[in-house]
Amino acid sequence: GEGIAPLSSSKLVTNGDSITLTCNYNGSYRSDSLLWYRQYSSSKPEFLFLVSESNLEQPADPPIPGVSAKLNEEKNRVYLEISSASVSDSAMYYCALQPT
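Numbered per my numbering, the sequence shown spans residues 330 to 429.
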């Protein structure tokens, strides 16, 4: 079946370092979209980035600086990269699988 799960449940990062979050997924027809969201405590999740197996990349509008997503179809993994982490990046991050 289809599903998605984070590789690790939490990460510690030094201010200014880059960080990569990883989710493993298994989809169906190589046409799935993978979405990343960020949620601060007491707010609703905000969309960060969409990347699809058909090579579509869709950042948030307006784009969030320093945030990008990549897909590794061979390993069935999706990555969220934050180029220079700061205290304001401390949040819950969610990966979602959207079948087509």
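Heads up, the beta-carbon is just placed ideally off N, CA and C, and yes, glycines get one too.
- Arg367 and Val396 have their C-alpha atoms spaced approximately 11 Å apart.
- By the neighbour-count criterion, in which a residue is buried when 16 or more other Cβ atoms sit within 10 angstroms of its Cβ, Tyr422 is buried.
- Judged by DSSP in its simplified three-state form, Ser362 adopts strand.
- Annotation: Tyr369 is outside any beta strand (DSSP E) and is labelled neither H nor E by DSSP.
- If you look at Val380, you'll find it in the beta strand (DSSP E) that goes 375 to 381.
- Within the DSSP secondary-structure output, Glu410 pairs in a beta bridge with Thr349, Ser397.
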